[in-house]
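Asks: Structure incoming, see below.
There are 2 protein chains.
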Amino acid sequence: MEIIYKPIGVIHTPYKKEAPPQPFYSEAEGIVELYEEYRDGLIGLEKFSRIVLIYHFHLSKDYKLLIKPRLNNELRGVFATCSPNRPNGIGISVVKLQKIEGVKLYVKNVDILDETPLLDIKPYLEKKE
Amino acid sequence: MEIIYKPIGVIHTPYKKEAPPQPFYSEAEGIVELYEEYRDGLIGLEKFSRIVLIYHFHLSKDYKLLIKPRLNNELRGVFATCSPNRPNGIGISVVKLQKIEGVKLYVKNVDILDETPLLDIKPYLEKKE
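Line order of the protein sequences matches chains A and B. Positions in the first sequence are counted from 1; adding 16 to them yields our numbering. Positions in the second sequence are counted from 1; adding 16 to them yields our numbering.
Here you go:
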């Protein structure tokens, strides 16, 4: 069974080759550029101060099930890490939404490589305990 | 450009046709069953009390860019909602990880339909403000 997705836009960031391990280590700003055909899908998104970006790790070529995480030396299963090299190269980041202009979303706290293909945007809903 | 993913497992839940809108409305338990070939990828995951499940909305056939959310009447862009009917049918849930037995993860707070194809598992890392 294959699941086929198509990018809905592209993410522009200052990170050309390497990104920080988690968005809360990053103050970097980026621009999420939605393709014009999806413009109406943004209506109402401006009400959210945080959004979830889902994207494809486009520079990852292969993966190992056991890897060494960046922040320590313990060998770990890939699903216990946020490594971009995974069976399905799907990345998720929660970012601050600063403003929307047309199909461009100005965001902060990006930990994403420049030119990353965007797969989805969702509102970030806080869990109330 | 097409991005092709392959399910790494399947999610079993009590929800056969309709799921609650958000995991924090649900106390339901489920079993995430990883395919045997990915077993090593779970090593170290037991340290996390919450995990992120990424999956494919397998029953969604089509989408509209403007939709009426379940909880109010305001017309909204699909990216400002969590509707399963989206350009790329990717779902995300943060669930409680209760135990791991072999390739089976026993989870709580699932808002996912039964037999949903699993695409990825990530540790849930709390944002420290």
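Ideal Cβ placement from N, Cα and C applies to all residues, glycine included. Computed from a prediction, not measured in an experiment: that's the story for all the values here.
(1) Could you name the residues that DSSP lists as bridge partners for A:K120?
(2) For a test of the three-state rule: what should DSSP assign to A:G25, helix, strand or coil?
(3) In angstroms, rounded to a whole number, what distance separates the CA positions of A:L141 and B:L141?
(4) Any idea if B:L6 is buried or exposed, counting beta-carbon neighbours within 10 angstroms, 16 or more meaning buried?
(5) Relative to chain B, which residues along the stretch 78-101 of chain A have a C-beta separation below 8 angstroms, given in chain order?
(6) Is the beta carbon of A:Y21 less than 7 angstroms from the beta carbon of B:I19?
(7) For B:S99 and A:S109, I'd like the C-alpha separation in whole angstroms.
(8) How do the stretch 23-31 of chain A and the stretch 52-63 of chain B stand: do at least 3 beta-carbon pairs fall below 8 angstroms, yes or no?
(9) Using a cut-off of 8 angstroms between C-beta atoms, extract the partners of A:L75 located in chain B.
(10) For B:F95, which option in A:L121, A:I59, A:I27 and A:Y79 has the closest C-alpha, if you only look at C-alpha atoms?
(11) Which stretch, first to last residue, makes up the beta strand (DSSP E) that contains B:I67?
(12) Which residues in chain B sit within 8 angstroms of A:I116, going by Cβ to Cβ distance?
(13) How would you list, in chain order, the residues of chain A whose beta-carbon sits under 9 angstroms from the beta-carbon of B:P139?
(14) Tell me the rounded alpha-carbon separation between A:D127 and A:V111.
(15) Tell me, please, whether the CB atom of A:I106 is closer than 7 angstroms to any CB atom in chain B?
(16) Among A:E49, A:S42 and A:Y41, which one has its Cα closest to the Cα of A:I24?
(17) Could you name the residues that DSSP lists as bridge partners for A:P147?
(18) Please identify, using Cβ separations under 7 angstroms, the residues of the stretch 22-39 of chain A that lie next to chain B, in order along the chain.
(19) In or out: A:G118 buried (at least 16 other Cβ within 10 Å) or exposed?
(20) State the Cα-Cα distance for the pair A:F73 and A:E43, rounded to the nearest angstrom.
(21) Let me know if B:R102 comes out buried or exposed under the rule of 16 or more other beta-carbons within 10 Å of its beta-carbon.
(22) Assign A:V94 to one of three DSSP states: helix, strand, or coil.
(23) Rounded to a whole number of angstroms, what is the C-alpha to C-alpha distance between B:T132 and A:G107?
(24) Applying a beta-carbon distance threshold of less than 8 angstroms, which residues of chain B neighbour A:Y54?
(25) At a CB-CB cut-off below 8 angstroms, which residues of chain B make contact with A:E18?
(26) Going by DSSP, name the residue or residues bridged to B:Y31.
(27) Mapping the DSSP letters down to three states, classify B:L75 as helix, strand or coil.
Replies: Taking the structure as given:
(1) Beta-bridge pairing links A:K120 to A:E49 and A:E117.
(2) Looking at A:G25 - three-state DSSP - the assignment turns out to be strand.
(3) The alpha-carbon of A:L141 is positioned some 15 angstroms away from that of B:L141.
(4) With chain B covering 17 to 145 only, the question about residue 6 of chain B has no answer from this structure.
(5) Going along the stretch 78-101 of chain A in chain order, one finds L81, L82, E90, L91, R92, G93, V94, F95, A96, T97 and C98 with a Cβ nearer than 8 angstroms to chain B.
(6) Yes, they are a contact pair.
(7) Going by the C-alpha atoms only, they are around 19 angstroms apart.
(8) Segments in contact, no.
(9) The contacting residues do not exist; A:L75 stays about 13 angstroms from chain B at best.
(10) Nearest option by C-alpha distance: A:I59.
(11) Segment R66 to H72, the beta strand (DSSP E) holding B:I67.
(12) Within chain B, no residue comes near A:I116; the closest Cβ sits about 10 angstroms away, beyond 8 angstroms.
(13) The contacting residues are F95, A96, T97 and C98.
(14) Rounded to the nearest angstrom, the two C-alpha atoms are 9 angstroms apart.
(15) Residue-level contact by beta carbon holds for A:I106 and chain B, with a gap shorter than 7 angstroms.
(16) Answer by Cα proximity: A:E49.
(17) Here chain A comprises residues numbered 17 to 145, so residue 147 of chain A is not present and cannot be evaluated.
(18) Cβ contacts with chain B: K22, P23, I24 and Q38.
(19) With a threshold of 16 other beta carbon atoms within 10 Å, A:G118 falls short and is exposed.
(20) In a straight line, the C-alpha of A:F73 is about 20 angstroms away from that of A:E43.
(21) By the neighbour-count definition (other C-beta atoms within 10 Å, threshold 16), B:R102 is a buried residue.
(22) DSSP places A:V94 in helix when its eight states are reduced to three.
(23) Rounded to the nearest angstrom, the gap between the Cα atoms of B:T132 and A:G107 is 19 angstroms.
(24) Chain B residues near A:Y54: L81, F95 and P103.
(25) Per Cβ cutoff of 8 angstroms: I20, Y21 and K22.
(26) For B:Y31, which the question treats as bridged, DSSP gives the partners B:L129.
(27) Per DSSP, reduced to three states, the secondary structure at B:L75 is coil, with no helix or strand assignment.
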